[in-house]
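Q: 76 is the number that the UniProt record's numbering gives to position 76 of the sequence shown; each next residue is one higher, with no gaps. Sharing a structure, written as structure tokens. Questions coming.
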Amino acid sequence: MFTGIVEELGEVVKASEAFLAVRGPVVSSDAALGDSISVNGVCLTVVSVEGDVFTADVMEETYRRSVIGKLEPGDKVNLERAATLTTRLGGHLVQGHVDGVAEITARTPAAEWEEVTFRLPEGLAKYVVEKGSITIDGTSLTVAAIDGDEFTVGLIPTTLEATTLGRKQVGDPVHIETDVVAKHVEKLLLSAGSI
């Protein structure tokens, strides 16, 4: 589990069809074999650590559901270590299991923040509610508005500076993880015949 509070911007060192090597001094400082690290919202398992670089194997399922396979050396990525029982929950409960890839459709700068609008892939809008939590590239954010398959979030200066979301442009893909509680409630209601 993660909280969606990005600890650092890492940098892809190597990428192949089977693994990803990422430089991240903060997350690598205490990483060990088998630890989970969120890379742009995708939970990956550490298979080795050398200095400030960790390596993780990447499965075919990850490539199908994310854009991890399009990362290249030099690309910046959002990094977060898995939460512990003593971690502050500054964001929300995040699994690191990407539901799909959304596209940035608009960026509207304001004096102290920026509004960013995203188009969801088919089937995910039902899990997104105004003032609810959503994870975008591993960053826990609050939905400011939703209209059909598009939703908007506000990004404060810290988020713009400390995450990849400050660098993304209209048309860029992002990983989306909706609230796991909504998916569980839906399954319970379906199995009870309530919906």
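Virtual Cβ for every residue (Gly too), placed ideally from N, Cα, C. All values derive from a computational prediction rather than experimental measurement.
1) In terms of residue numbering, what span does the alpha helix (DSSP H) encompassing residue 184 cover?
2) Go ahead and label residue 79 buried or exposed: buried means 16 or more other beta carbons lie within 10 angstroms of its beta carbon, across all protein chains shown.
3) Indicate the three-state DSSP secondary structure (helix, strand or coil) for residue 121 in the structure shown.
4) Buried or exposed: where does residue 177 fall if 16 or more other Cβ atoms within 10 Å of its Cβ makes it buried?
5) Work out the CA separation of residue 194 and residue 68 for me, nearest whole Å.
6) Tell me which residue opens and which closes the beta strand (DSSP E) that residue 102 is part of.
7) Taking all protein chains shown into account, do 16 or more other C-beta atoms lie within 10 angstroms of the C-beta of residue 64, making it buried, or fewer, making it exposed?
8) If we call anything under 7 Å between Cβ atoms a contact, is residue 121 one with residue 90?
9) So which of 28, 129, 23, 169 has the shortest CA-CA distance to residue 107?
10) Would you identify the three-state DSSP class for residue 76, choosing helix, strand or coil?
11) Looking at the secondary structure, which residues open and close the alpha helix (DSSP H) in which residue 162 lies?
12) Pull up the distance between the alpha-carbon of residue 49 and that of residue 159, whole angstroms please.
13) Note down the Cα distance separating residue 190 from residue 22, rounded to an integer number of angstroms.
14) Is it true that the CB of residue 42 sits closer than 7 Å to the CB of residue 56?
15) Would DSSP call residue 23 helix, strand or coil?
16) Looking at residue 104: is its Cβ nearer than 7 Å to the Cβ of residue 172?
17) How many Å lie between residue 9 and residue 32 at the Cα?
A: According to the structure shown:
1) Against the sequence shown, residue 184 aligns to sequence position 184. Looking at the DSSP string, the run of the alpha helix (DSSP H) that includes residue 184 is 180-191.
2) Residue numbering aside, residue 79 sits at position 79 when the sequence shown is read from its first letter. Label assigned to residue 79: buried.
3) As a working mapping, residue 121 is identified with position 121 in the sequence shown. In this structure, residue 121 counts as coil in the three-state DSSP scheme.
4) By 1-based counting over the sequence shown, the position of residue 177 is 177. Under this definition residue 177 is a buried residue.
5) Counting from one through the sequence shown, the residue named residue 68 turns up at place 68. Counting from one through the sequence shown, the residue named residue 194 turns up at place 194. Roughly 37 Å between the two C-alpha positions.
6) Locating residue 102 in the sequence shown gives position 102, where the first residue counts as 1. It spans 100-109 - the beta strand (DSSP E) in which residue 102 sits, taken as one unbroken run.
7) Your numbering for residue 64 matches position 64 in the sequence shown. By the 10 Å Cβ count, residue 64 comes out exposed.
8) In the sequence shown, residue 121 corresponds to position 121, counting from 1. In the sequence shown, residue 90 corresponds to position 90, counting from 1. No.
9) Reading the sequence shown from its first residue, position 107 is the one you call residue 107. Of the listed residues, the one whose Cα sits closest to residue 107 is 169.
10) The residue labelled residue 76 in the question sits at position 76 within the sequence shown. It is a strand residue.
11) Sequence index remark: in the sequence shown, residue 162 carries index 162 (1-based). Unbroken alpha helix (DSSP H) run through residue 162: 157-162.
12) If you number the sequence shown from 1, residue 49 lands on position 49. If you number the sequence shown from 1, residue 159 lands on position 159. Distance between the alpha carbons of residue 49 and residue 159 is about 27 Å.
13) The residue labelled residue 190 in the question sits at position 190 within the sequence shown. The residue labelled residue 22 in the question sits at position 22 within the sequence shown. The straight-line gap from Cα to Cα measures roughly 41 Å.
14) Working through the sequence shown from its first residue, we reach residue 56 at position 56. Working through the sequence shown from its first residue, we reach residue 42 at position 42. The answer is no: Cβ separation not under 7 Å.
15) Here residue 23 is taken as the residue at index 23 of the sequence shown, counted from 1. DSSP places residue 23 in strand when its eight states are reduced to three.
16) One-based indexing of the sequence shown puts residue 104 at position 104. One-based indexing of the sequence shown puts residue 172 at position 172. Contact: yes.
17) As a working note, residue 9 is residue 9 in the sequence shown. As a working note, residue 32 is residue 32 in the sequence shown. Those two C-alpha atoms are separated by around 19 Å.
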